[in-house]
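**Student:** Protein chains in written order, with numbering that gives the first Met the number 0: chain A, 0 to 251; chain U, 0 to 328. A virtual CB, placed ideally from N, CA and C, is assigned to each residue, including glycine. Just so it is clear, the structure is predicted and the values come from calculations on it, not from any experiment. Handing you a structure now.
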Amino acid sequence: MIGSAVAARDFSFWYGKKQALHGVNITVSSRSITALIGPSGCGKSTFLRSINRMNDTIPGARHEGSVLLGGKDVYAPDMDVVHLRHRVGMVFQRWNPFPKSIYDNVAYGPRINVGLRGRELDDVVERSLRRAALWDEVKDRLRQSALGLSGGQQQRLCIARALANQPEVLLLDEPASALDPGATQKIEELLVELKSELAIVIVTHNLQQAGRVSDYTAFFYLGRLVECDATGQLFTAPREQQTEAYITGRFG
Amino acid sequence: MGDAIASSGTSGGFARGRRVASLAGAAPGDRVYRVVITAFALMIPALLLLIAVAIGVAAWPALSAAGLSFITSSEWNVQAGKFGAAPAIYGTLVSSFIALVLATPLALGVAIFLSEIAPKWLRQPVAFLVDLLAAIPSVVYGLWGIFFLVPMLRDHVVPFFRDTLHLGNTPLFSGPAYGPSMLAAGVILAIMALPYISAVTREVLIAVPRSQRDAALALGATKWEMIWDAVIPYARSGIIGGVILGLGRALGETMAVTMVIGNRPEISASLLAPGYTMASLIANEFTEATSDLHLSALMAVGAVLFVITLIVNGMARWLVWRVASGPKS
Chain A
0 MIGSAVAARD
10 FSFWYGKKQA
20 LHGVNITVSS
30 RSITALIGPS
40 GCGKSTFLRS
50 INRMNDTIPG
60 ARHEGSVLLG
70 GKDVYAPDMD
80 VVHLRHRVGM
90 VFQRWNPFPK
100 SIYDNVAYGP
110 RINVGLRGRE
120 LDDVVERSLR
130 RAALWDEVKD
140 RLRQSALGLS
150 GGQQQRLCIA
160 RALANQPEVL
170 LLDEPASALD
180 PGATQKIEEL
190 LVELKSELAI
200 VIVTHNLQQA
210 GRVSDYTAFF
220 YLGRLVECDA
230 TGQLFTAPRE
240 QQTEAYITGR
250 FG
Chain U
0 MGDAIASSGT
10 SGGFARGRRV
20 ASLAGAAPGD
30 RVYRVVITAF
40 ALMIPALLLL
50 IAVAIGVAAW
60 PALSAAGLSF
70 ITSSEWNVQA
80 GKFGAAPAIY
90 GTLVSSFIAL
100 VLATPLALGV
110 AIFLSEIAPK
120 WLRQPVAFLV
130 DLLAAIPSVV
140 YGLWGIFFLV
150 PMLRDHVVPF
160 FRDTLHLGNT
170 PLFSGPAYGP
180 SMLAAGVILA
190 IMALPYISAV
200 TREVLIAVPR
210 SQRDAALALG
220 ATKWEMIWDA
230 VIPYARSGII
240 GGVILGLGRA
250 LGETMAVTMV
260 IGNRPEISAS
270 LLAPGYTMAS
280 LIANEFTEAT
290 SDLHLSALMA
300 VGAVLFVITL
310 IVNGMARWLV
320 WRVASGPKS
């Protein structure tokens, strides 16, 4: 498929004895937003965290099948996981800026990954903050603590921090679930802006949000990918019974 | 009570007064509880104040007789009635400083290993053994110091510094090395302070939220970069607290230091020379002190130790507060 950024092939995942994903096959297009929806515990977050291998740190985690990034298996033995996470950014449900200055937060990735300094680093920080629609709000206080920002600003800072690595794919795990409607709207607008540059995969519990921002929607249930389709198609004419039941609010 | 609320529209002040009164009257247990708890809480500062006053009063004759020379003079001559505690003050500060310099990196390493790197099955046993260091009686450390540490330092460590690293000409390693020394005291204090620092550090490292680790890892940090850039800065104030706890232990430690430091009231730049500490001075002379002035001088040493400990703790509080109140740049 042309323009595929991430693809899973018969991907299964276990936490110890508990199987969290069953043979997932999915293709995520580049320059688009793909929403992962489904009830709690359906495996959508597990799948998201499998793409940049954040599940590696969990004891007893194992997988079968493959997740391809640009055609290469991220679980291949010669895959450098540090480099992988450099290419695949991630934003978490609860914003987690470091207790450092705004500047140092955004500069962290470029500093450790490519050793950027000085003028070049300044440029990357500014560009990343602009892309995250935060520059105008923080440009006069870059040296102040990131913890002094509002929740929505901190979450956009985390997006800017991820963007500073120039990732090909941006993963977001319910990025707006703890934000008020205004801050949520800003993040959604921002994601739509960003999709012209990279592939975005977003886990959300909020079906309206999935409908508003995403181009494709994937419905997970009990560790299986039930259906993945263009968002308009999936929400108006789902092929599967379970999908219809979920999006019409009959469970979940 | 329902009446009181209902009537509050017409006679608000009166009704409110009755409600408060009935509330206070209804819970005598609450009042007893509050009084007892307050008394308990006030007892601690009161005790501290009492100790300070008692020491101050007892120390006053010696302090007023010696004046500032009590902390600046090196002459400690009981017969002549001259009391200068400078060597003991110097010894306490220097031995504690050596202890921190040696113990802090080691304790940090132990804590990082146990909280971040060691396999699960190894963590509890090793943590237990490190904690056990704190349970060894101080006099046992002293014996071990006399029979093992002092000869080992004299026969192996000092020759290494002098001959292999050629540091014999520097003031720090000059002069004869008989055995009991400031260095021996510093090393033994380091071992004694280590479990405190590492236990506190381990706890604060474990308490660093998962989200901070995830943030660093997701940005492409290696495990080491994650520990160094995300975990340790987040835990900084707690780690400083642990170091201060260790310092408190080192400043006040008496028995083990007395057994290995040599107990000579002289200030020497050499770490190999014997020294003295305030705690050792008090412990050594208290049983033999017969004159009132001598007793008072020992109390004055205690007062100085007390004040130094207060200053150190105050500085630590300030440091922790400053670090905890956020980054400056």
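How about LEU244 of chain U and TYR195 of chain U: do their beta carbons lie closer than 7 Å?
**Tutor:** Contact flag set, yes.
**Student:** Can you name, in chain order, every residue of its own chain whose Cβ lies under 8 Å from the Cβ of GLN154 of chain A, other than the five neighbours on each side?
**Tutor:** For GLN154 of chain A, where only same-chain residues beyond five positions count, the Cβ hits under 8 Å are VAL90, TRP94, PRO174, ALA175, LEU178, ALA182, ILE186.
**Student:** On the CB-based measure, 16 or more other CB atoms within 10 Å of its CB, does GLN78 of chain U come out buried or exposed?
**Tutor:** Exposed, since its Cβ has fewer than 16 Cβ neighbours within 10 Å.
**Student:** Would you please verify whether the beta carbon of THR221 of chain U is less than 7 Å from any beta carbon of chain A?
**Tutor:** Yes, its Cβ sits closer than 7 Å to a Cβ of chain A.
**Student:** Could you confirm whether any beta carbon from chain A is found closer than 7 Å to the beta carbon of LEU244 of chain U?
**Tutor:** No, LEU244 of chain U lies away from the interface with chain A (no Cβ there is under 7 Å from its Cβ).
**Student:** Just the C-alpha distance for SER94 of chain U and THR253 of chain U, rounded to the nearest angstrom, thanks.
**Tutor:** Each residue's alpha carbon lies about 12 Å from the other.
**Student:** So, are the CB atoms of GLN230 of chain A and SER213 of chain A less than 7 Å apart?
**Tutor:** Residue identity differs from the one stated: residue 230 of chain A is Thr in this sequence, not Gln. Cβ atoms of THR230 of chain A and SER213 of chain A: closer than 7 Å.
**Student:** Would you list the one or two residues that DSSP bridges to HIS62 of chain A?
**Tutor:** According to DSSP, which records beta bridges pairwise, HIS62 of chain A is partnered with A:PHE12.
**Student:** Is LEU162 of chain A helix, strand or coil by DSSP?
**Tutor:** Of the three classes helix, strand and coil, the one that applies to LEU162 of chain A here is helix, per DSSP.
**Student:** Please name the residue or residues paired with TYR245 of chain A in a DSSP beta bridge.
**Tutor:** Answer is none; TYR245 of chain A lacks a bridge partner.
**Student:** Applying the criterion that 16 or more other CB atoms from any shown protein chain within 10 Å of the CB defines a buried residue, is PRO166 of chain A buried or exposed?
**Tutor:** Its Cβ being crowded by 16 or more others within 10 Å, PRO166 of chain A is buried.
**Student:** With a cut-off of 7 Å, does the C-beta of TYR107 of chain A fall near any C-beta of chain U?
**Tutor:** For TYR107 of chain A, the answer is yes, since a Cβ of chain U falls inside 7 Å of its Cβ.
**Student:** So with CB distances below 8 Å, who are the chain A contacts of GLU224 of chain U?
**Tutor:** Per Cβ cutoff of 8 Å: ILE111.
**Student:** Give the DSSP-derived three-state secondary structure of LYS71 of chain A in the structure shown.
**Tutor:** Looking at LYS71 of chain A - three-state DSSP - the assignment turns out to be strand.
**Student:** Residues of chain U with CB under 9 Å from VAL23 of chain A, in chain order?
**Tutor:** The premise fails here: VAL23 of chain A is roughly 21 Å from chain U at the closest Cβ pair, so nothing lies under 9 Å.
**Student:** Between the alpha carbons of ASP228 of chain A and LEU206 of chain A, how many angstroms are there, rounded?
**Tutor:** Distance between the alpha carbons of ASP228 of chain A and LEU206 of chain A: 14 Å.
**Student:** For VAL137 of chain A, which residues in the same chain have their Cβ closer than 6 Å to its Cβ, ignoring the five residues on either side in sequence?
**Tutor:** Within the same chain, VAL137 of chain A has close Cβ partners ILE101.
**Student:** Write down the C-beta distance between VAL73 of chain A and ARG52 of chain A rounded to the nearest angstrom, noting that I regard them as a contact closer than 8 Å.
**Tutor:** So it is a contact: roughly 6 Å between Cβ atoms.
**Student:** Compare the Cα-Cα distances from TYR177 of chain U to each of U:GLU202, U:ASP154, U:ALA87 and report the closest residue.
**Tutor:** Of the candidates U:GLU202, U:ASP154, U:ALA87, the one whose C-alpha sits nearest the C-alpha of TYR177 of chain U is U:ASP154.
**Student:** Could you give the C-beta distance for ALA83 of chain U and SER72 of chain U, rounded to a whole number, given that I count them as a contact under 8 Å?
**Tutor:** In the sequence as displayed, the identity of residue 83 of chain U is Gly instead of Ala. Confirmed, Cβ separation roughly 3 Å.
**Student:** Who are the near neighbours of THR203 of chain A in its chain, counting only those whose CB is closer than 7 Å to its CB and skipping five residues on each side?
**Tutor:** Counting only Cβ-Cβ distances below 7 Å, and skipping sequence neighbours, we find ALA34, ILE36, GLU173, ALA209.
**Student:** Might you give, ordered along the chain, the residues of its own chain that have their beta carbon closer than 6 Å to the beta carbon of LEU166 of chain U, omitting 5 neighbours on each side?
**Tutor:** Only PHE160, PHE172 meet the Cβ criterion.
**Student:** How is the beta strand (DSSP E) around GLY22 of chain A delimited, first residue to last?
**Tutor:** Taken as a continuous stretch (DSSP letters only), the beta strand (DSSP E) holding GLY22 of chain A covers 17–28.
**Student:** Taking only beta carbons into account, state which residues of the region 197–214 of chain U come closer than 7 Å to chain A, listed in chain order.
**Tutor:** Cβ contacts with chain A: SER210, GLN211, ASP213, ALA214.
**Student:** Helix, strand or coil for ALA34 of chain A, going by three-state DSSP, please let me know.
**Tutor:** Reduced to three states, the DSSP call for ALA34 of chain A is strand.
**Student:** Express the C-alpha separation of ARG142 of chain A and SER279 of chain U in angstroms, rounding to a whole number.
**Tutor:** Each residue's alpha carbon lies about 49 Å from the other.
**Student:** I'd like to know whether the C-beta of ASN54 of chain A is nearer than 7 Å to at least one C-beta of chain U.
**Tutor:** So, not an interface residue.
**Student:** For the region 144–170 of chain A, list every residue whose C-beta sits within 9 Å of some C-beta in chain U, in sequence order.
**Tutor:** For the region 144–170 of chain A, which is checked against every Cβ of chain U, the residues closer than 9 Å are SER144, ALA145, LEU146, GLY147, CYS157, ARG160, ALA161, ALA163, ASN164, LEU170.
**Student:** Please tell me whether, using a cut-off of 6 Å, the distance from the CB of LEU47 of chain A to the nearest non-hydrogen atom of the ligand SAM is below it.
**Tutor:** Ligands are entirely absent from the displayed structure, and the ligand SAM is therefore not among its contents.
**Student:** Comparing C-alpha positions only, which one of A:ILE25, A:ARG8, A:ILE111, A:PRO58 sits nearest to TYR14 of chain A?
**Tutor:** Here the closest residue by C-alpha is A:PRO58.
**Student:** Measure the alpha-carbon distance for SER29 of chain A versus VAL87 of chain A and round it to whole angstroms.
**Tutor:** Taking the straight line from one Cα to the other gives about 12 Å.
**Student:** Let me know if PRO208 of chain U comes out buried or exposed under the rule of 16 or more other beta-carbons within 10 Å of its beta-carbon.
**Tutor:** With fewer than 16 Cβ atoms within 10 Å of its Cβ, PRO208 of chain U is classed as exposed.
**Student:** Give the residues from the region 67–79 of chain A that approach chain U closer than 8 Å (Cβ to any Cβ), ordered along the chain.
**Tutor:** Within the region 67–79 of chain A, no residue qualifies.
**Student:** Determine the burial state of GLU226 of chain A: buried for a count of at least 16 other Cβ atoms within 10 Å of its Cβ, exposed for fewer.
**Tutor:** Buried, because 16 or more other Cβ atoms sit within 10 Å of the Cβ of GLU226 of chain A.
**Student:** Any beta carbon from chain U within less than 7 Å of HIS85 of chain A's own beta carbon?
**Tutor:** Yes - at least one Cβ of chain U is within 7 Å of the one on HIS85 of chain A.
**Student:** So LEU270 of chain U and SER180 of chain U are supposed to be a Cβ contact under 8 Å. How far apart are they, rounded?
**Tutor:** Rounded, the Cβ-Cβ distance is 6 Å, consistent with contact.
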